[in-house]
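Report on the following structure.
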Amino acid sequence: MIRRSLLKLANPQLLALVGVLLINWLLFPNFFRVTWQDGRFFGSLIDVLNRGAPVAILAVGMVGVIATKGVDLSVGAVMAVAGAVAATMVVAGYPAPIAVVAALVVGLLCGLWNGILVAILDIQPIIATLVLMVAGRGIAQLITEGFIVTFNDPLLIYIGTGSFFGFPMAAVIALVLTIIVTLIVRRTAIGLFIEAVGVNRAAASLAGIRSRMLLLVVYSLSGLCAAIAGIIVAGDIRGADANNAGLWLELDAILAVVIGGTSLLGGRFSVPLAVVGALIIQAMNTGILVSGFPPEFNLIVKAGLIFIVLVIQSPLASRLAPPRLVPAAKGTAK
Amino acid sequence: MNRSLRPLVATALIFAIAYALAVMQFPSMFSTRVLGNFLTDNAFLGIAAVGMTFVILSGGIDLSVGAVIGFTGVLVAVLITWVGLHPVLAFAIAIIVAGGFGATMGLAIHYLQVPAFIVTLAGMFLARGGASVITRDSVPINHEFYDWISDLTIRLPGGGRLSFIGLTMVAIFIIGALIAHRTKFGSYVYALGGNPVSASLMGVPVARTTVAIYTLSSVLAAISGIVFSLYTSAGYPLAAVGVELDAISAVVIGGTLLTGGYGFVLGTFIGVMLLGLVQTYIIFDGTLSSWWTKIVIGILLFLFIVLQRLIFVASAPGEKAQKA
Numbered sequence: 004m005i006r007r008s009l010l011k012l013a014n015p016q017l018l019a020l021v022g023v024l025l026i027n028w029l030l031f032p033n034f035f036r037v038t039w040q041d042g043r044f045f046g047s048l049i050d051v052l053n054r055g056a057p058v059a060i061l062a063v064g065m066v067g068v069i070a071t072k073g074v075d076l077s078v079g080a081v082m083a084v085a086g087a088v089a090a091t092m093v094v095a096g097y098p099a100p101i102a103v104v105a106a107l108v109v110g111l112l113c114g115l116w117n118g119i120l121v122a123i124l125d126i127q128p129i130i131a132t133l134v135l136m137v138a139g140r141g142i143a144q145l146i147t148e149g150f151i152v153t154f155n156d157p158l159l160i161y162i163g164t165g166s167f168f169g170f171p172m173a174a175v176i177a178l179v180l181t182i183i184v185t186l187i188v189r190r191t192a193i194g195l196f197i198e199a200v201g202v203n204r205a206a207a208s209l210a211g212i213r214s215r216m217l218l219l220v221v222y223s224l225s226g227l228c229a230a231i232a233g234i235i236v237a238g239d240i241r242g243a244d245a246n247n248a249g250l251w252l253e254l255d256a257i258l259a260v261v262i263g264g265t266s267l268l269g270g271r272f273s274v275p276l277a278v279v280g281a282l283i284i285q286a287m288n289t290g291i292l293v294s295g296f297p298p299e300f301n302l303i304v305k306a307g308l309i310f311i312v313l314v315i316q317s318p319l320a321s322r323l324a325p326p327r328l329v330p331a332a333k334g335t336a337k
Numbered sequence: 008m009n010r011s012l013r014p015l016v017a018t019a020l021i022f023a024i025a026y027a028l029a030v031m032q033f034p035s036m037f038s039t040r041v042l043g044n045f046l047t048d049n050a051f052l053g054i055a056a057v058g059m060t061f062v063i064l065s066g067g068i069d070l071s072v073g074a075v076i077g078f079t080g081v082l083v084a085v086l087i088t089w090v091g092l093h094p095v096l097a098f099a100i101a102i103i104v105a106g107g108f109g110a111t112m113g114l115a116i117h118y119l120q121v122p123a124f125i126v127t128l129a130g131m132f133l134a135r136g137g138a139s140v141i142t143r144d145s146v147p148i149n150h151e152f153y154d155w156i157s158d159l160t161i162r163l164p165g166g167g168r169l170s171f172i173g174l175t176m177v178a179i180f181i182i183g184a185l186i187a188h189r190t191k192f193g194s195y196v197y198a199l200g201g202n203p204v205s206a207s208l209m210g211v212p213v214a215r216t217t218v219a220i221y222t223l224s225s226v227l228a229a230i231s232g233i234v235f236s237l238y239t240s241a242g243y244p245l246a247a248v249g250v251e252l253d254a255i256s257a258v259v260i261g262g263t264l265l266t267g268g269y270g271f272v273l274g275t276f277i278g279v280m281l282l283g284l285v286q287t288y289i290i291f292d293g294t295l296s297s298w299w300t301k302i303v304i305g306i307l308l309f310l311f312i313v314l315q316r317l318i319f320v321a322s323a324p325g326e327k328a329q330k331a
């Protein structure tokens, strides 16, 4: 039953991804050409995987948050903080694994802070996470003392730009994370609990779900994912840029989740489809770049995409749609 | 005391204390020159924050404000410098374009029944992208009308001056306060923020009010963009990035409840001044880096959110008792 409804949801997003890739291929005939060079794959398609990985990782964390009817605006700033922590510690002489773990812990704590504001103080998620979004970049700059901290540590650079059996490390990390999180939410009851809290938190609590604990976990996971993405981005440019690392990526992550069919009103979510959403966004970015359009078109195309998704998701569309679709739409929404 | 007044009083007290402390450290901060610059430097933020106050009072949010400011700046600069229109005509066109833009967002929010933040997020992408497509460079504005306006200042005793754009902000705050607290539309906004369902049952025209709120916010953002172009004498597509966050912060620090329904336009004014004070203090100090601004704003934001929460929780039982 769940599998069937998943398949039903999967089609539009995967079709859209294939469509975007085909348009890219029409605009740029070499789009699908993948070559093997220096022990790794090269090509525009690989580039989509590699560049899309940070947003995909953010989207994995964001899915859970949005499924509980929340939103996490701070992920971009948390990326900057985590990158700053990792870079500064490596430069200060700590071994790279410790720096990575420290950055992950900092990300987890940032997420936990958001979770406490939302779950315990009962603050609206958009505002609770706004605090860290505004202050986070300041904190990151405090850590790096206003400089772009550059490093030459092999492990951090490997996380950002290395290859694993020829595939970009960033994409491999994103894939592993997606599989782990998907298994956790779909092979245990946690996913169901998240949906219950998203539909009606009060009712879920009365039904015995520890909704506070669940929210803390969900926001912590989002912080952790942001930290992973932050380390990848820092490793990619071999430095921590407190001002620009992850700038506006929270918006891309939210967009990826929404494209992936997760309802902004809570209660319906899919981790793999959010990752597909991130790939759709990146495929469009890459397509606009390789076909020679100015990158500014990106923003307009994204705006159009949000609008299309909103129209499809809206109650208006299900009223206008053929009657046989209406019960299905209602069934998945509730 | 009326409980919805409490956050306002708290903000005013914090501003007075913070300003007094700053003046004790740097006596020269207590001068008409600094106060005049407070108004001039924060004029565009203040005007945008008035629109944001209405949006947040109605329980919504508008993330497109900064992008609309940037877009308006570019549009005005292009119309004046490239097309050769008179600035007043360019201003009128920019305000009409922004009004249509805001109305479209309001229609989408109401009829598609989607959260305001995602619609205005799309609006932000569209406006920022549109501005960047028109031009990627800064377009300078050299027009005698601009020189004339920047010469329009009122000199104050002590070397300070009230600029035209500073006074525009004050005027818009006064008009905004009158609209919010003295008109039918204002009460509709409060009703919508309190509870949209009961507002609609009481006969509030929800669709019309929602469209009007977002139109107002975009029009004020456009005026803010015009003021910004007067301030910088140029239009730049990446101008005013993140101003929506400053505006939201100013509204929240000014005591408006984020769930909607409670708040004052005057509080937003104090919130804007408090943000201006933080920036001015950091400039006066000289040793603190500008990133402290962000951290201090974040801390203030947190304090006020928690404060609101505590007031709300503390007074909730009383409200229930009244209902019963």
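Chains A and B are the protein sequences, given in the same order.
Just so we're aligned, residue 4 is where the first sequence starts under our numbering, counting upward by one.
Just so we're aligned, residue 8 is where the second sequence starts under our numbering, counting upward by one.
Glycine included, each C-beta is placed from N, C-alpha and C at the ideal position.
Quick one: which chain A residues come within Cβ less than 8 Å of residue i?
i	result
Ala115 of chain B	Phe310, Leu313
Trp298 of chain B	Arg140, Gly141, Gln144, Leu145, Gly149, Ala245
Arg143 of chain B	Pro297, Glu299
Val140 of chain B	Pro297, Glu299, Phe300, Ile303
Leu227 of chain B	Those do not exist, as Leu227 of chain B stays about 21 Å from chain A at its closest Cβ, beyond 8 Å.
Mind pulling the chain B residues with CB within less than 9 Å of residue i?
i	result
Ala138 of chain A	Lys301, Ile302, Val303, Ile304, Gly305, Ile306, Leu308, Phe309
Leu254 of chain A	Leu70, Leu128, Met131, Phe132
State buried or exposed for residue i, treating a residue as buried only when at least 16 other CB atoms are found within 10 Å of its CB.
i	result
Val51 of chain A	buried
Ala194 of chain A	According to the sequence as given, residue 194 of chain A is Gly; it is not Ala. Buried, since its Cβ has 16 or more Cβ neighbours within 10 Å.
Ala19 of chain A	buried
Glu151 of chain B	exposed
Ser77 of chain A	buried
Lys333 of chain A	Here the model assigns Lys333 of chain A a pLDDT of 39, short of 50, so the residue's position is not dependable and the matter cannot be decided.
Lys191 of chain B	exposed
Leu24 of chain A	buried
Arg140 of chain A	buried
Gln40 of chain A	exposed
Val104 of chain A	exposed
Phe150 of chain A	exposed
Gln315 of chain B	buried
So the candidates are the options; which of them puts its Cα closest to the Cα of residue i?
i	options	result
Phe193 of chain B	B:Leu245, B:Ala50, B:Phe61, B:Thr39	The sequence given here places Gly at residue 193 of chain B; Phe does not occur at that position. Here the closest residue by C-alpha is B:Phe61.
Ile100 of chain B	B:Ala229, B:Ile24, B:Gly201	B:Ala229
Thr47 of chain B	B:Pro122, B:Phe132, B:Met112, B:Ser170	B:Ser170
Gly200 of chain B	B:Thr266, B:Val81, B:Ile318, B:Thr160	B:Thr266
Ser256 of chain B	B:Tyr238, B:Ile312, B:Phe235, B:Thr216	B:Ile312
Asn247 of chain A	A:Ala70, A:Ala87, A:Leu308, A:Ala56	A:Ala87
Gly109 of chain B	B:Tyr238, B:Leu264, B:Val250, B:Tyr221	B:Tyr221
Val63 of chain A	A:Leu282, A:Leu313, A:Ala286	A:Leu282
Ala84 of chain B	B:Ala50, B:Thr142, B:Leu52, B:Met112	B:Thr142
Cys228 of chain A	A:Arg36, A:Gly67, A:Leu48, A:Ala90	A:Gly67
Trp298 of chain B	A:Leu120, A:Thr147, A:Gln16	A:Thr147
How close, in whole Å, do the beta carbons of residue i and residue j come, if the pair is a contact with beta carbons under 8 Å?
i	j	result
Gly58 of chain B	Leu223 of chain B	6 Å
Ile284 of chain A	Leu258 of chain A	6 Å
Gly79 of chain A	Glu299 of chain A	No, Gly79 of chain A and Glu299 of chain A are not in contact; Cβ-Cβ is about 20 Å, not under 8 Å.
Thr18 of chain B	Gly278 of chain B	6 Å
Val96 of chain A	Gly226 of chain A	Per the sequence shown, the amino acid found at residue 96 of chain A is Gly instead of Val. Between Gly226 of chain A and Gly96 of chain A the Cβ distance is about 26 Å, and since that is not below 8 Å, they are no contact.
Asp253 of chain B	Leu282 of chain B	6 Å
Ile260 of chain B	Leu308 of chain B	7 Å
Tyr153 of chain B	Ser240 of chain B	6 Å
So which residues of chain A does residue i contact, with C-beta pairs closer than 7 Å?
i	result
Ala129 of chain B	Ala306, Ile309, Phe310
His255 of chain B	Before going further, note that residue 255 of chain B is Ile rather than His in the sequence given. Going along chain A in sequence order, the residues near Ile255 of chain B (Cβ under 7 Å) are Leu133.
Leu265 of chain B	Gln127, Ile130
Leu52 of chain B	The contacting residues do not exist; Leu52 of chain B stays about 14 Å from chain A at best.
Which residues in chain B sit within 8 Å of residue i, going by Cβ to Cβ distance?
i	result
Asn301 of chain A	Gly136
Val134 of chain A	Gly305, Leu308, Phe309, Ile312
Show which residues of chain B have a CB atom less than 7 Å away from the CB atom of residue i.
i	result
Ser317 of chain A	Leu119, Gln120, Val121
Leu124 of chain A	Val313, Arg316
Which residues of chain E have a Cβ atom closer than 8 Å to the Cβ of residue i, listed in chain order?
i	result
Leu267 of chain A	Going by chain labels, chain E is absent from the structure shown, which instead holds the protein chains A and B.
Mind the definition here: the stretch 215 to 222 of chain A touches the stretch 34 to 46 of chain A only if three or more C-beta pairs lie below 8 Å; say whether that holds.
Counting Cβ pairs under 8 Å, fewer than three are found: no touch.
Using 8 Å as the threshold, is the stretch 268 to 276 of chain B in touch with the stretch 91 to 109 of chain B, meaning 3 or more CB pairs across them?
Too few Cβ pairs lie closer than 8 Å, so no.
Any 3 or more C-beta pairs closer than 8 Å across the stretch 201 to 215 of chain A and the stretch 99 to 113 of chain A
When C-beta atoms of the stretch 201 to 215 of chain A are compared with those of the stretch 99 to 113 of chain A, fewer than three pairs fall below 8 Å, so the two segments do not count as touching.
Give a yes or no on contact between the stretch 74 to 83 of chain B and the stretch 197 to 217 of chain B, applying the rule of three or more CB pairs nearer than 8 Å.
Verdict: no, contact absent.
With three or more C-beta pairs closer than 8 Å as the rule, is the stretch 113 to 127 of chain B touching the stretch 68 to 76 of chain B?
As far as the Cβ criterion goes, the stretch 68 to 76 of chain B touches the stretch 113 to 127 of chain B, which means the pair count is three or higher.
Is the stretch 132 to 142 of chain B touching the stretch 300 to 320 of chain A in the sense that three or more CB pairs, one from each, lie closer than 8 Å?
As far as the Cβ criterion goes, the stretch 300 to 320 of chain A touches the stretch 132 to 142 of chain B, which means the pair count is three or higher.
Tell me whether the stretch 15 to 33 of chain B and the stretch 242 to 250 of chain B touch, counting them as touching only if at least three CB pairs, one residue from each stretch, are closer than 8 Å.
Taking 8 Å as the limit for Cβ pairs, the verdict is that the stretch 242 to 250 of chain B does not touch the stretch 15 to 33 of chain B.
Counting beta carbon pairs with one atom in the stretch 103 to 110 of chain A and one in the stretch 119 to 132 of chain A, are three or more of them shorter than 8 Å?
Cβ pair count under 8 Å is below three, so no.
Do the stretch 24 to 35 of chain A and the stretch 231 to 245 of chain A meet, that is, are 3 or more Cβ pairs less than 8 Å apart?
The stretch 24 to 35 of chain A, when compared against the stretch 231 to 245 of chain A, does not touch it at the 8 Å Cβ threshold.
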